[in-house]
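Engineer: Got a structure for you, written out below as structure tokens; questions coming shortly.
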Amino acid sequence: MRLTGHYDHTLDDKGRLAIPAKFRDRLGDTVILTVSDGMYILGYPLSEWESLEEGWTNLSATREDDAEFLRIIYSQAVDCEIDKQGRILLPARLRDYAQIKDNVVIAGVGRWLEIWSRENWQVEQARLAENKKLIVQRMGDKGVKL
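Reading the sequence shown from the start, the letters are residues -13 to 132 in our numbering.
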């Protein structure tokens, strides 16, 4: 499964976000949303989330780093059902976290999607454009090819 491209959308007055049809075909009925390490929301198809969870089975509640990581991810995660109109409800706490008011960008990033405020997306795109050559070089050093 691959999610690609980005789409501009606007939240409705109830905080619902229309998921692009191209993404809906690949997401199924449920998207797991949670916080990221930046100013955006991460969205995972249920199958991808379950694969990630398998990798977390060795994490321990008694190891501080493990417990903090799990606390961050799970306490902010929410299962979002895609309704018949192809929308999900973005919880207010996640909207606040990502500084989303009404204008939104949904970006496909391979196995997951990112939900950004349009303003933060534009800042991130400018940063990426400025650093693109260095980013591609660093990935090439890791053996990743375009």
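The C-beta atom is built at its ideal place from N, Cα and C for all residues, glycine as well.
Helix, strand or coil: which one does DSSP assign to Leu(-3)?
Structural biologist: Of the three classes helix, strand and coil, the one that applies to Leu(-3) here is coil, per DSSP.
Engineer: Pull up the distance between the alpha-carbon of Asp(-2) and that of Leu45, whole angstroms please.
Structural biologist: Taking the straight line from one Cα to the other gives about 39 Å.
Engineer: Nearest by alpha-carbon distance to Asp11: which of Gln111, Leu75 and Ile68 is it?
Structural biologist: Among Gln111, Leu75 and Ile68, the Cα nearest to that of Asp11 is on Ile68.
Engineer: Specify the secondary structure class of Ala93 as computed by DSSP and reduced to three states.
Structural biologist: In this structure, Ala93 counts as strand in the three-state DSSP scheme.
Engineer: Between which two residues does the beta strand (DSSP E) holding Gly29 run?
Structural biologist: Start and end: Ile27 to Pro31.
Engineer: Nearest-angstrom Cα distance between Gly(-9) and Ser103?
Structural biologist: Their backbone Cα atoms lie some 16 Å apart in a straight line.
Engineer: By a C-beta neighbour count over all protein chains shown, 10 Å radius and 16 as the cutoff for buried, is Leu120 buried or exposed?
Structural biologist: Counting Cβ neighbours within 10 Å, Leu120 comes out exposed, since fewer than 16 surround it.
Engineer: Between Thr(-4) and the rest of its own chain, which residues show a CB-CB distance below 8 Å, the 5 nearest in sequence each way excluded?
Structural biologist: Same-chain partners within the cutoff: Asp88, Asn89 and Val90.
Engineer: How many whole angstroms separate the CB atoms of Gly29 and Trp98, which I take to be in contact at a CB cut-off of 8 Å?
Structural biologist: The Cβ separation is near 6 Å, so the contact holds.
Engineer: Per DSSP, Trp107 forms a beta bridge with which residues?
Structural biologist: Looking at the DSSP assignment, Trp107 forms no beta bridge with any residue, so it has no partner.
Engineer: Can you check which of these residues, Glu39, Tyr83, Thr16 and Asp82, is closest to Lys70 by C-alpha distance?
Structural biologist: Of the candidates Glu39, Tyr83, Thr16 and Asp82, the one whose C-alpha sits nearest the C-alpha of Lys70 is Thr16.
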